[in-house]
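S.K.:
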Amino acid sequence: MLVTGTDTGVGKTIATAAIAAGLMAAGATVEVVKIAQTGDDDDAATAARLSGAPARCLASYPDPLAPSAAARRSGLPALKLAEAADAARAATADAVLLEGAGGLLAPLGEGGWHAGDLAVELGCPAVVVARAGLGTLNHTALTLEALARREVAAAVVIGAWPRRPGPAETENLRDLEGERLGRIPAGAGDLDPEAFRMSAKDWLDL
Ligand SMILES: Nc1ncnc2c1ncn2[C@@H]1O[C@H](COP(=O)(O)OP(=O)(O)O)[C@@H](O)[C@H]1O
Ligand SMILES: [Mg+2]
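For the sequence shown, this note's numbering begins at 80 and goes up steadily by one.
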């Protein structure tokens, strides 16, 4: 399963950890793969710490940019689509969660391939992590349309549902009701791992 988003910083890593923990609580084995990491963050380590699932990263680059640009600037080799697909196919867990970088069409590697290309190559479904507030209906619709035209099945997870939702969040939730929907509470990423793992399945429609 691809875990993508409407943008960078929408909560993909926390959502990946929650999906991993929810599936593990249901008895499945899970592996997390961060496709490409840029900058100082370590999303694989964050997902592993919160969920307890093994996690690894296929390529990392120092500049906090889209991976293809970060590869260009670093002089390190850009990741090939076939390498990412092979790594996903080699995983032996019941579920393999592939976290992209940035939004769906952000260029990840050699030739500018993106997470949508990887989902097509693998024939796997996608989870779109979206913001809760104003602007998310457009970003979510654009992302779902791009997945639908590639025949990639998709569900939506709101990355950080506020403790006190305002009218924009409440109405967005109504408008997204037709989608298969999850909602991760804001602050979930700050829970201790045990509490995170106990609650994760309640946040998702697994
Ligand atoms: N549900 C949440 N609870 C707590 N913090 C969150 C939550 N969702 C996102 N964040 C915070 O927001 C920032 C972006 O989240 P992250 O999962 O790294 O986004 P992405 O992977 O899409 O770039 C991080 O600092 C993260 O800790
Ligand atoms: Mg992330």
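We put the beta carbon where it would ideally sit given N, CA and C, even for glycine.
Taking contact to mean 3 or more Cβ pairs, one atom from each stretch, closer than 8 Å, check whether the stretch 155–171 and the stretch 121–132 are in contact.
M.R.: No, the stretch 155–171 is not in contact with the stretch 121–132.
S.K.: So, are the CB atoms of I114 and L144 less than 8 Å apart?
M.R.: Position 35 of the sequence shown holds residue 114. Position 65 of the sequence shown holds residue 144. Against a cut-off of 8 Å, the Cβ pair of L144 and I114 comes out as no contact.
S.K.: For G268, which residues of its own chain have a beta-carbon under 6 Å away from its beta-carbon, when the five flanking residues on both sides are left out?
M.R.: To locate residue 268, count along the sequence shown from 1; it is residue 189. Correct list, in chain order: I93.
S.K.: Check whether the Cβ of T87 sits closer than 7 Å to any heavy atom of ligand 1, and report yes or no.
M.R.: The residue given as residue 87 occupies position 8 in the sequence shown. T87: yes, Cβ under 7 Å from ligand 1.
S.K.: Measure the C-alpha to C-alpha separation of T215 and E230 and round it to an integer number of angstroms.
M.R.: Numbered from its first residue, the sequence shown carries residue 215 at position 136. Numbered from its first residue, the sequence shown carries residue 230 at position 151. Each residue's alpha carbon lies about 22 Å from the other.
S.K.: Quick check: the Cα distance between P241 and T219, rounded to an integer number of angstroms?
M.R.: Translated into positions along the sequence shown, residue 241 becomes position 162. Translated into positions along the sequence shown, residue 219 becomes position 140. Roughly 18 Å separates the two Cα atoms.
S.K.: Just jot down, in chain order, the residues whose CB lies closer than 5 Å to any heavy atom of ligand 2.
M.R.: The answer, residue by residue, is K91, T92, D122.
S.K.: Could you tell me which of R262, G212, G261 sits nearest to N251, measuring between CA atoms?
M.R.: Taking the first residue of the sequence shown as 1, we reach residue 251 at position 172. The shortest Cα separation from N251 among R262, G212, G261 belongs to G212.
S.K.: Could you give the DSSP three-state label for A234: helix, strand or coil?
M.R.: Residue mapping note: residue 234 aligns to position 155 of the sequence shown, counting from 1. In the structure shown, A234 sits in a strand (DSSP, three-state: E or B).
S.K.: Nearer than 7 Å: is that true of the beta carbon of P146 relative to any heavy atom of ligand 1?
M.R.: Here the question's residue 146 lines up with position 67 in the sequence shown. Answer for P146: no, Cβ out of range of ligand 1.
S.K.: For a test of your reading of the model: does the CB of P264 fall under 7 Å from any non-hydrogen atom of ligand 3? Yes or no.
M.R.: Within the structure as shown, ligand 3 is missing, the only ligands being ligand 1 and ligand 2.
S.K.: Determine the direct distance from the alpha carbon of A157 to that of G266, and round the result to whole angstroms.
M.R.: Counted from its first residue, the sequence shown places residue 266 at position 187. Counted from its first residue, the sequence shown places residue 157 at position 78. If I take the Cα positions, the gap works out to 34 Å.
S.K.: Taking 7 Å as the cut-off, does the CB of A100 come closer than this to any heavy atom belonging to ligand 1?
M.R.: As a working mapping, residue 100 is identified with position 21 in the sequence shown. No, the Cβ of A100 stays beyond 7 Å of every heavy atom of ligand 1.
S.K.: Output the distance between the C-alpha atoms of G190 and A247, rounded to the nearest integer angstrom.
M.R.: One-based indexing of the sequence shown puts residue 190 at position 111. One-based indexing of the sequence shown puts residue 247 at position 168. Rounded to the nearest angstrom, the two C-alpha atoms are 39 Å apart.
S.K.: Ignoring anything shorter than 3 residues or poking outside the stretch 178–264, list the beta strand (DSSP E) runs there in chain order.
M.R.: Those beta strand (DSSP E) runs which fall completely within the stretch 178–264 and span 3+ residues are 205–209, 233–240, 260–264.
S.K.: Could you tell me the distance, in whole angstroms, from the CA atom of M103 to the CA atom of R152?
M.R.: Sequence index remark: in the sequence shown, residue 103 carries index 24 (1-based). Sequence index remark: in the sequence shown, residue 152 carries index 73 (1-based). The straight-line gap from Cα to Cα measures roughly 38 Å.
S.K.: Look up L102 in the DSSP assignment and say whether it is helix, strand or coil.
M.R.: Your numbering for residue 102 matches position 23 in the sequence shown. In this structure, L102 counts as helix in the three-state DSSP scheme.
S.K.: Nearest CA to the CA of V109: which residue from A233, D173, T87?
M.R.: Against the sequence shown, residue 109 aligns to sequence position 30. Checking every option, the nearest Cα to that of V109 belongs to D173.
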